[in-house]
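K.L.:
Protein chains: 2
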Amino acid sequence: MDILIKNATIITCNAQNEVLKGDILIKSGKIARIAENIELPVYEASSVKIIEGKNLIALPGLINAHTHCGQTVLRSFADDMPLYEWLFEKIFPAEEKLTKEIIYFSSLLGIAEMLKSGTTMFYDMYFHEDMTAKAVQATGIKAVLSRGLQTDEKESLRLDETRELIYNYSSDRIKVFFGPHSIYTCSYELLEKVAQLAQEFKTGVMIHLSESENEVNTCYERYDMSPVKLCNQAGLFDTVCIAAHCVYVDDEDIEIMAEKDVSCVYNPTSNLKLGNGFAPVYSMISSGVNVAVGTDSAASNNNLNMLEEMHIASLLEKGVYRLPDILNAQQILKMATANAAMAAGINNTGVIQEGFCADIVLLKADDINMLPCYNPVSNVVYSGNPSNVYATIVDGQILYMDGKLSTVDEEALVKEIKSIEKYLKKGI
Amino acid sequence: MDILIKNATIITCNAQNEVLKGDILIKSGKIARIAENIELPVYEASSVKIIEGKNLIALPGLINAHTHCGQTVLRSFADDMPLYEWLFEKIFPAEEKLTKEIIYFSSLLGIAEMLKSGTTMFYDMYFHEDMTAKAVQATGIKAVLSRGLQTDEKESLRLDETRELIYNYSSDRIKVFFGPHSIYTCSYELLEKVAQLAQEFKTGVMIHLSESENEVNTCYERYDMSPVKLCNQAGLFDTVCIAAHCVYVDDEDIEIMAEKDVSCVYNPTSNLKLGNGFAPVYSMISSGVNVAVGTDSAASNNNLNMLEEMHIASLLEKGVYRLPDILNAQQILKMATANAAMAAGINNTGVIQEGFCADIVLLKADDINMLPCYNPVSNVVYSGNPSNVYATIVDGQILYMDGKLSTVDEEALVKEIKSIEKYLKKGI
Numbered sequence: 000m001d002i003l004i005k006n007a008t009i010i011t012c013n014a015q016n017e018v019l020k021g022d023i024l025i026k027s028g029k030i031a032r033i034a035e036n037i038e039l040p041v042y043e044a045s046s047v048k049i050i051e052g053k054n055l056i057a058l059p060g061l062i063n064a065h066t067h068c069g070q071t072v073l074r075s076f077a078d079d080m081p082l083y084e085w086l087f088e089k090i091f092p093a094e095e096k097l098t099k100e101i102i103y104f105s106s107l108l109g110i111a112e113m114l115k116s117g118t119t120m121f122y123d124m125y126f127h128e129d130m131t132a133k134a135v136q137a138t139g140i141k142a143v144l145s146r147g148l149q150t151d152e153k154e155s156l157r158l159d160e161t162r163e164l165i166y167n168y169s170s171d172r173i174k175v176f177f178g179p180h181s182i183y184t185c186s187y188e189l190l191e192k193v194a195q196l197a198q199e200f201k202t203g204v205m206i207h208l209s210e211s212e213n214e215v216n217t218c219y220e221r222y223d224m225s226p227v228k229l230c231n232q233a234g235l236f237d238t239v240c241i242a243a244h245c246v247y248v249d250d251e252d253i254e255i256m257a258e259k260d261v262s263c264v265y266n267p268t269s270n271l272k273l274g275n276g277f278a279p280v281y282s283m284i285s286s287g288v289n290v291a292v293g294t295d296s297a298a299s300n301n302n303l304n305m306l307e308e309m310h311i312a313s314l315l316e317k318g319v320y321r322l323p324d325i326l327n328a329q330q331i332l333k334m335a336t337a338n339a340a341m342a343a344g345i346n347n348t349g350v351i352q353e354g355f356c357a358d359i360v361l362l363k364a365d366d367i368n369m370l371p372c373y374n375p376v377s378n379v380v381y382s383g384n385p386s387n388v389y390a391t392i393v394d395g396q397i398l399y400m401d402g403k404l405s406t407v408d409e410e411a412l413v414k415e416i417k418s419i420e421k422y423l424k425k426g427i
Numbered sequence: 000m001d002i003l004i005k006n007a008t009i010i011t012c013n014a015q016n017e018v019l020k021g022d023i024l025i026k027s028g029k030i031a032r033i034a035e036n037i038e039l040p041v042y043e044a045s046s047v048k049i050i051e052g053k054n055l056i057a058l059p060g061l062i063n064a065h066t067h068c069g070q071t072v073l074r075s076f077a078d079d080m081p082l083y084e085w086l087f088e089k090i091f092p093a094e095e096k097l098t099k100e101i102i103y104f105s106s107l108l109g110i111a112e113m114l115k116s117g118t119t120m121f122y123d124m125y126f127h128e129d130m131t132a133k134a135v136q137a138t139g140i141k142a143v144l145s146r147g148l149q150t151d152e153k154e155s156l157r158l159d160e161t162r163e164l165i166y167n168y169s170s171d172r173i174k175v176f177f178g179p180h181s182i183y184t185c186s187y188e189l190l191e192k193v194a195q196l197a198q199e200f201k202t203g204v205m206i207h208l209s210e211s212e213n214e215v216n217t218c219y220e221r222y223d224m225s226p227v228k229l230c231n232q233a234g235l236f237d238t239v240c241i242a243a244h245c246v247y248v249d250d251e252d253i254e255i256m257a258e259k260d261v262s263c264v265y266n267p268t269s270n271l272k273l274g275n276g277f278a279p280v281y282s283m284i285s286s287g288v289n290v291a292v293g294t295d296s297a298a299s300n301n302n303l304n305m306l307e308e309m310h311i312a313s314l315l316e317k318g319v320y321r322l323p324d325i326l327n328a329q330q331i332l333k334m335a336t337a338n339a340a341m342a343a344g345i346n347n348t349g350v351i352q353e354g355f356c357a358d359i360v361l362l363k364a365d366d367i368n369m370l371p372c373y374n375p376v377s378n379v380v381y382s383g384n385p386s387n388v389y390a391t392i393v394d395g396q397i398l399y400m401d402g403k404l405s406t407v408d409e410e411a412l413v414k415e416i417k418s419i420e421k422y423l424k425k426g427i
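Protein sequence lines, in the order shown, are assigned to chains A and B.
Each residue of the first sequence is one higher than the one before, starting from 0 at the first, in numbering that gives the first Met the number 0.
Each residue of the second sequence is one higher than the one before, starting from 0 at the first, in numbering that gives the first Met the number 0.
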């Protein structure tokens, strides 16, 4: 059904950062028109759903540019631990127990949480990624998916799985990227191979890059260069490349990233939780690097709430640089919408603009914590929380409205997750 | 009406950090009993409200240990600006326009937001503080209030207002403290006077302390000692003293604070937003300083959501110290409950314990973003958001439940705030 949103405050995230007051007409999943007082011809009126937007803020759907949906079932499984203990004693043994079915429900859980907090697209890397793809198909959200790759006896099997993902799931709503996990889990030869394959399949790459000091030190010991330089040399930057984290990048790294159009995904919560530190996002942006925002997984966050992530993302840079005027609300919102789409080479979402996909979030502007409103963008980024989300719309489909998910049976999902919780608790 | 909460997961925040499964019986505003399967005698059953808690987490009501409720109407009024410009060009001129009536509605707005996000008590400093006191009375929340003091021609008038606050508003739910704004806005003589008055009135003191590098430098220039030492010398630490911020405290300062039982209020969001930096909270705690958590005002945050503040509080220390295992979820929750009560010398709230006030928050444990739940404390602190708050209970009174505030007419409040917004926009 087509939709007409009336009299909303529209944060466009377009090139001029326009904030408008007006109507949005959605037809066949696209933004057909943005104007004041759109009148529908009588013969159309009955087939269009009208949403009164007087007390709503419309913004482009948020894009969670780095997560691992299959890990959502590990929320609160292991917290407040040093990285090594967390990973090797808790997360890895638990992951051994994650079946295809569990990954499906874990993905569904993550997607449900994202839809309820205003996210319309996410970028993901994990195993049994076909199950995440099925959850994306079932819910109607959008995603860029990758099967995590690493070098061991199953290396070629994982590459095969990536190819299958591309053949079986690529669509208007799903893009498949190659997902070399990191420079410390992939051989140099694998990185080179991935670079070639990505070009061959005309797709992109996502990788964890310069996340920890340890990673960078190891890279210098092994290759006598930084992880960024290594990836560049392997050819990974000759295709669309999304680099998650980038906590330990130096000026030369940043210069290479800017020159080669590599996008960084800033994951402030995860970097803090695991004690990795602060990414020099302001320096990257100042040097022309495109930066998006991600929550990372529920195991290292522990939520997939992009509204909170945007707030933390802005605060942290202001604090680290001691510059309160950097990374303002509009910049951060753009990093979580238009710039995130750009990071994956997607140019029909992330902006409220005629002709673009109707990927739109509606927030309740009259909620107590959103008032007063001298600046709607500030209120969204700094004051908003999931209780303010009224509707999440993807390709013109209302996937969440007024507390209800339209494509997820929440009650059944809660039951499944509780039984998975019981199973994962055993013997660990 | 008395209340019986059945079968809840109870995070007690008691000395043993017990997490129980069971019932809580609330009688005459107090926690009368905590046990499994509490049976009510027939003659009592009809006068007790039963809350089925199978899918609820009960925790002590959150305590927002530093805010300025009168500033809530300045949410999003001025963001992304350097401190000086923010304060002198935006906030101060706007404050000139804040009438008694505006402060009342601003306080009501802040209190409504806090109740909806699980806060049952807050510590406040501002002007027209009698209006904040009236809003506290009207809503049923608890507060420690102070009239902000500084040295100028109105100094003694403000002291008189503090005395009036003490006489007119002190109660079981309201404590009045003396509120010297800071060492840079108060003369040394005023600090000494306040120290004497606080002792005379058998009450405490709250002050902004070592918030910025500039404050510390100025203090050394003027007094040749740190702000902490200055306050100690003036006698402020000889009474209950709550010091907000403490971003720039050195080892000697911390030693003094520990020895004199001065509590710090950690305001991570505000410190980051204004570019002040990171408070060494882990060092303070390790040295035995009691630390609480606060949001600061909506003008410098921009929300009063203690669930988010706890998350940021934990993350930031982990990141700054590069130690993922410090400030765990239980410690942070305690800082926002039991330790915050202790900071103000209040010993009947902040813990779910028999005999204590029934200041309790109920969170929905089965919400999508709260599942799975291997650790309820982690889920509250790291995953919870206001959409998960089911009820906020103060002194056994249900002030918020299932989306509805019982003591605030939300619709009327929204109208008032919108008209205040219009008025404040004019001419600035």
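Ideal Cβ placement from N, Cα and C applies to all residues, glycine included.
As the structure is a computational prediction, the values presented were derived from the model and not from experiment.
Spell out whether any CB of chain A is found under 9 Å from the CB atom of PRO323 of chain B.
P.N.:
For the purposes of this step, residue 323 of chain B is taken as residue 324 along the second sequence, with counting starting at 1. So, interface residue.
K.L.:
Where ALA142 of chain B and ALA242 of chain A are concerned, what is the direct C-alpha to C-alpha distance, given to the nearest angstrom?
P.N.:
Indexing the second sequence from 1 puts residue 142 of chain B at position 143. Indexing the first sequence from 1 puts residue 242 of chain A at position 243. Approximately 47 Å, taken between the alpha carbons.
K.L.:
Could you name each continuous beta strand (DSSP E) segment of 3 residues or more that falls completely within the segment 155 to 238 of chain A, going from the start of the chain to the end?
P.N.:
Counting whole runs of 3 or more residues, the segment 155 to 238 of chain A contains the beta strand (DSSP E) stretches 173 to 175 and 204 to 208.
K.L.:
Give me the chain A residues within the contact set of GLU88 of chain B, using Cβ-Cβ distance strictly less than 8 Å, ordered along the chain.
P.N.:
As a first step, residue 88 of chain B is located in the second sequence; it is residue number 89 there, counting from the start. Under the 8 Å cutoff, chain A gives no residues; its nearest Cβ is about 13 Å from GLU88 of chain B.
K.L.:
Which residues in chain B have a C-beta closer than 8 Å to the C-beta of ASN338 of chain A? List them in chain order.
P.N.:
Position 339 of the first sequence, counted from the start, is the residue given in the question as residue 338 of chain A. Residues of chain B passing the Cβ test: none, with the nearest at roughly 18 Å.
K.L.:
Quick check: does the Cβ of GLN136 of chain A come within less than 8 Å of any heavy atom belonging to the ligand ZN?
P.N.:
Absence of the ligand ZN is noted for the structure shown, with no ligands found whatsoever.
K.L.:
Do you know whose CA, among B:ASP295, B:ILE416 and B:CYS68, lies nearest ASP129 of chain B's CA?
P.N.:
Start at 1 with the first residue of the second sequence, and residue 129 of chain B comes out as number 130. For the residues B:ASP295, B:ILE416 and B:CYS68, the minimum Cα distance to ASP129 of chain B belongs to B:CYS68.
K.L.:
When the cut-off is 9 Å and only beta carbons count, does LEU73 of chain A lie next to chain B?
P.N.:
Working through the first sequence from its first residue, we reach residue 73 of chain A at position 74. Output row for LEU73 of chain A: interface = yes.
K.L.:
Is it a yes or a no for the segment 107 to 118 of chain B touching the segment 347 to 365 of chain A, going by three-plus beta-carbon pairs under 8 Å?
P.N.:
Because the criterion of three Cβ pairs below 8 Å is not met, the segment 107 to 118 of chain B and the segment 347 to 365 of chain A do not touch.
K.L.:
Rank A:ILE419, A:PRO81 and A:GLU353 by C-alpha distance to the C-alpha of ARG465 of chain A and give the top, closest one.
P.N.:
This structure gives no information on residue 465 of chain A, because the portion of chain A shown stretches from 0 to 427.
K.L.:
Tell me which same chain residues have a C-beta within less than 6 Å of the C-beta of ALA7 of chain A, skipping the five on either side of it?
P.N.:
Stepping through the first sequence from its first residue, residue 7 of chain A is reached at position 8. Within the same chain, ALA7 of chain A has close Cβ partners GLY52, LEU55 and ALA57.
K.L.:
What does GLY274 of chain A reach in chain B if we use C-beta pairs closer than 7 Å?
P.N.:
Here residue 274 of chain A is taken as the residue at index 275 of the first sequence, counted from 1. The contacting residues are LYS317, GLY318, ARG321, LEU322 and PRO323.
K.L.:
Look at the alpha carbon of ALA291 of chain B and the alpha carbon of VAL204 of chain B, and state the distance between them as a whole number of angstroms.
P.N.:
What you label residue 291 of chain B is simply residue 292 of the second sequence in a count that begins at 1. What you label residue 204 of chain B is simply residue 205 of the second sequence in a count that begins at 1. Rounded to whole angstroms, ALA291 of chain B to VAL204 of chain B spans 15 Å at the Cα level.
K.L.:
Among residues of its own chain, excluding the 5 on either side of HIS310 of chain B, which ones have a beta-carbon nearer than 7 Å to its beta-carbon?
P.N.:
Along the second sequence, one-based indexing puts residue 310 of chain B at 311. VAL380 and TYR381.
K.L.:
Pull the bridge partners of ILE434 of chain B from the DSSP assignment, please.
P.N.:
Here chain B covers residues 0 to 427 and nothing more, so residue 434 of chain B does not appear.
K.L.:
What runs of the alpha helix (DSSP H), each 4 residues or longer, lie entirely inside the segment 38 to 82 of chain A?
P.N.:
The segment 38 to 82 of chain A contains these whole alpha helix (DSSP H) runs: 41 to 44.
K.L.:
Decide if ALA132 of chain A is buried, meaning its Cβ has at least 16 other Cβ atoms within 10 Å, or exposed.
P.N.:
Start at 1 with the first residue of the first sequence, and residue 132 of chain A comes out as number 133. When all chains shown are included, ALA132 of chain A counts as buried.
K.L.:
Buried or exposed: which applies to GLN15 of chain A, given that a residue is buried once 16 or more other Cβ atoms fall within 10 Å of its Cβ?
P.N.:
One-based indexing of the first sequence puts residue 15 of chain A at position 16. Exposed, by the Cβ-count rule.
K.L.:
Could you name the residues of the segment 125 to 139 of chain A whose beta carbon sits closer than 9 Å to any beta carbon of chain B, in the order they occur along the chain?
P.N.:
Listed by position along the chain: nothing, the set is empty.
K.L.:
Name the residue from A:ASN301, A:ALA77, A:GLU191 and A:GLY383 whose alpha carbon lies nearest to the alpha carbon of ASN368 of chain B.
P.N.:
Along the second sequence, one-based indexing puts residue 368 of chain B at 369. Checking every option, the nearest Cα to that of ASN368 of chain B belongs to A:ASN301.
K.L.:
Who pairs with LEU19 of chain A in a beta bridge, going by DSSP?
P.N.:
Your numbering for residue 19 of chain A matches position 20 in the first sequence. Paired residues: A:ILE9.
K.L.:
Kindly indicate which three-state DSSP category GLY147 of chain B falls into: helix, strand or coil?
P.N.:
For the purposes of this step, residue 147 of chain B is identified with residue 148 of the second sequence, where counting begins at 1. Looking at GLY147 of chain B - three-state DSSP - the assignment turns out to be strand.
K.L.:
Kindly confirm or deny that the segment 67 to 86 of chain A and the segment 285 to 299 of chain A touch, where touching means at least three C-beta pairs closer than 8 Å.
P.N.:
Short answer: they touch.
K.L.:
Nearest-angstrom Cα distance between TYR422 of chain B and ALA134 of chain B?
P.N.:
In the second sequence, residue 422 of chain B corresponds to position 423, counting from 1. In the second sequence, residue 134 of chain B corresponds to position 135, counting from 1. Straight-line Cα distance between these residues: approximately 21 Å.
K.L.:
CA-CA distance, GLU199 of chain A and TYR166 of chain A?
P.N.:
Position 200 of the first sequence, counting from 1, holds the residue named residue 199 of chain A. Position 167 of the first sequence, counting from 1, holds the residue named residue 166 of chain A. Their backbone Cα atoms lie some 14 Å apart in a straight line.
K.L.:
What number of angstroms, rounded off, separates the C-alpha of THR150 of chain A from the C-alpha of ILE102 of chain A?
P.N.:
Within the first sequence, the letter at position 151 stands for residue 150 of chain A. Within the first sequence, the letter at position 103 stands for residue 102 of chain A. Approximately 22 Å, taken between the alpha carbons.
K.L.:
Considering only the beta carbon of each residue, do VAL18 of chain B and ILE30 of chain B sit closer than 9 Å?
P.N.:
Translated into positions along the second sequence, residue 18 of chain B becomes position 19. Translated into positions along the second sequence, residue 30 of chain B becomes position 31. No, the Cβ-Cβ distance between VAL18 of chain B and ILE30 of chain B is not below 9 Å.
K.L.:
Cβ atoms of MET305 of chain A and ALA340 of chain A: under 9 Å apart, would you say?
P.N.:
The sequence position of residue 340 of chain A within the first sequence is 341, counting from 1. The sequence position of residue 305 of chain A within the first sequence is 306, counting from 1. Cβ distance not < 9 Å, so ALA340 of chain A and MET305 of chain A don't count as in contact.
K.L.:
The alpha helix (DSSP H) spanning TYR373 of chain B covers which residue range?
P.N.:
Position 374 of the second sequence, counted from the first residue, corresponds to residue 373 of chain B. Unbroken run through TYR373 of chain B: none, as it is neither H nor E.
K.L.:
Using Cβ-Cβ distances below 9 Å, what residues of the segment 250 to 268 of chain B are close to chain A?
P.N.:
Correct list: PRO267 and THR268.
K.L.:
Between the segment 374 to 389 of chain B and chain A, which residues of the former have CB atoms less than 7 Å from a CB of the latter, in chain order?
P.N.:
Within the segment 374 to 389 of chain B, the residues whose Cβ lies closer than 7 Å to some Cβ of chain A are ASN374, SER377, ASN378, TYR381, SER382, ASN384, PRO385 and SER386, listed in chain order.
K.L.:
Does the CB of ASN327 of chain A have a neighbour CB from chain B at under 9 Å?
P.N.:
The residue labelled residue 327 of chain A in the question sits at position 328 within the first sequence. It does; some Cβ of chain B falls within 9 Å.
K.L.:
Between the C-alpha atoms of LEU332 of chain A and ASP78 of chain B, what's the straight-line distance to the nearest angstrom?
P.N.:
Within the first sequence, residue 332 of chain A is the residue found at index 333, counting from 1. Within the second sequence, residue 78 of chain B is the residue found at index 79, counting from 1. Approximately 14 Å, taken between the alpha carbons.
K.L.:
Is there a Cβ from chain C that is less than 9 Å from the Cβ of PHE91 of chain B?
P.N.:
As a matter of chain content, chain C is missing from the structure shown, whose protein chains are A and B.
K.L.:
Kindly confirm or deny that the segment 204 to 216 of chain B and the segment 247 to 254 of chain B touch, where touching means at least three C-beta pairs closer than 8 Å.
P.N.:
Judged by Cβ distances under 8 Å, the segment 204 to 216 of chain B makes contact with the segment 247 to 254 of chain B, as three or more pairs qualify.
K.L.:
For a contact meaning CB atoms closer than 7 Å, what does ASN301 of chain A contact in chain B?
P.N.:
Residue mapping note: residue 301 of chain A aligns to position 302 of the first sequence, counting from 1. Within chain B, the residues near ASN301 of chain A are SER377, TYR381 and SER382.
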